[in-house]
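Beneath this line is the structure, given in structure tokens, with notes to follow.
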Amino acid sequence: MKKIVLLLLILIPAVYAQLSWDVTDLRCGDGKLDEFELCEKNVDKNWCDELADLLEIDTACDQAHCTCAPRVNRAFCGNDKREGVEVCDGAGDNFCEEYGNLIGLKLSCNPDTCGCKIDDAVPADYNPLIVDELEQQANARAVCGDKEIGRGEDCDPPNTLCTKGTGEAGVCTEFCECLTAEELVALETENSETERNESAENQIGALENETVVQDEQLDLLEEETEEKEIEQKGFLARLWEWIILVFA
2 MKKIVLLLLI LIPAVYAQLS WDVTDLRCGD GKLDEFELCE KNVDKNWCDE LADLLEIDTA
62 CDQAHCTCAP RVNRAFCGND KREGVEVCDG AGDNFCEEYG NLIGLKLSCN PDTCGCKIDD
122 AVPADYNPLI VDELEQQANA RAVCGDKEIG RGEDCDPPNT LCTKGTGEAG VCTEFCECLT
182 AEELVALETE NSETERNESA ENQIGALENE TVVQDEQLDL LEEETEEKEI EQKGFLARLW
242 EWIILVFA
């Protein structure tokens, strides 16, 4: 029995803060004073000075949790007497509402910690992990055929019946696009025309390439003919000079 009690004492935190660390820790350490923080490391503005003036004590920034130091000692919390850094304590004085007005939050006493509860709803996207998860989901590329309708898809899997946003019945294409019968016919017609145009362009391109090759061959033949003519002319000239020398 003693071991169980000792274990429970170890699990229960010995200190508390003015606001729940479950909230303040979410963005603590990001370099700026966020909505549900009392202070932030290396940021001049903080709400610990207001707490110090309100409770008439000296405070500092608890950089580990973005709340104020000193922390509330659990040993004194619950005696119905607000003292030290406690913002409230049972039937004792309660400064949570007043402190909330100073820092722009709606606060009420949390008798279990002698700190304050945040009565304002903490938005889900205040948690950076949730923001990252949402961004990953938004940026995730949809895979057509995985039987899950992702971003940019009308339907999934392909080759199944689907319903368009207008309520019309359609068929899911290989690109996970829901098309009506009329739209499918129009798409097939467009694809056929595109294929014909591409075929004609390929044929024209082949003819143009063939013409270029023929022109290059003709140019080469002309150059070779000119070179042979020059060689023949040079030979005849040398032969005539030799004849003149012999019979001179």
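In the numbering used here, the protein residues as written are 2 to 249.
By construction, the Cβ of each residue, glycine as well, lies at the ideal position given by its N, Cα and C atoms.
Hey, quick one: how far does the beta strand (DSSP E) through residue i stretch, first residue to last?
{"i": "N111", "result": "108-111"}
{"i": "C117", "result": "116-119"}
Please report the distance separating the alpha-carbon of residue i from that of residue j.
{"i": "D90", "j": "D81", "result": "5 Å"}
{"i": "L7", "j": "R75", "result": "Bear in mind that the predicted position of L7 carries a pLDDT of just 29, short of 50, making it unreliable; the figure below should be weighed with that in mind. Going by the C-alpha atoms only, they are around 16 Å apart."}
{"i": "K42", "j": "R152", "result": "39 Å"}
{"i": "D188", "j": "R142", "result": "Per the sequence shown, residue 188 should be read as Leu rather than Asp. Using only the alpha carbons, I get a separation of about 25 Å."}
{"i": "D147", "j": "P159", "result": "10 Å"}
{"i": "T181", "j": "A170", "result": "6 Å"}
{"i": "D94", "j": "C115", "result": "11 Å"}
{"i": "V132", "j": "E183", "result": "42 Å"}
{"i": "C97", "j": "K118", "result": "8 Å"}
{"i": "L17", "j": "L135", "result": "Here residue 17 turns out to be Tyr, not Leu, going by the sequence shown. Each residue's alpha carbon lies about 32 Å from the other."}
{"i": "P130", "j": "L185", "result": "For the record, residue 130 in the displayed sequence is Leu; it is not Pro. Going from the Cα of L130 to the Cα of L185 covers about 43 Å."}
{"i": "E87", "j": "H66", "result": "17 Å"}
{"i": "L56", "j": "V144", "result": "59 Å"}
{"i": "E154", "j": "L27", "result": "34 Å"}
{"i": "T161", "j": "C40", "result": "57 Å"}
{"i": "E38", "j": "G30", "result": "10 Å"}
Give the DSSP bridge partners of residue i, in chain order.
{"i": "V172", "result": "L162, L180"}
{"i": "Y17", "result": "V73"}
{"i": "A92", "result": "Looking at the DSSP assignment, A92 forms no beta bridge with any residue, so it has no partner."}
{"i": "D63", "result": "T68"}
Within 10 angstroms of the Cβ of residue i, are there 16 or more other Cβ atoms? Answer buried if so, exposed if not.
{"i": "S193", "result": "exposed"}
{"i": "G105", "result": "exposed"}
{"i": "F176", "result": "exposed"}
{"i": "N47", "result": "buried"}
{"i": "G168", "result": "exposed"}
{"i": "G101", "result": "buried"}
{"i": "T190", "result": "exposed"}
{"i": "E149", "result": "exposed"}
{"i": "D59", "result": "exposed"}
{"i": "S109", "result": "exposed"}
{"i": "D23", "result": "exposed"}
{"i": "E99", "result": "exposed"}
What residue range is occupied by the uninterrupted alpha helix (DSSP H) comprising residue i?
{"i": "D23", "result": "22-25"}
{"i": "I104", "result": "97-104"}
{"i": "D54", "result": "49-56"}
Does the distance between the C-beta of residue i and the nearest non-hydrogen atom of the ligand SAM fall short of 7 Å?
{"i": "G91", "result": "In terms of ligand content, the structure shown is empty, and the ligand SAM therefore cannot be addressed."}
Throw me the rounded Cβ distance for the residue i and residue j pair, which I believe falls under 8 Å.
{"i": "D126", "j": "K107", "result": "Not confirmed; about 19 Å, so no contact."}
{"i": "C69", "j": "Q19", "result": "6 Å"}
{"i": "E51", "j": "L103", "result": "5 Å"}
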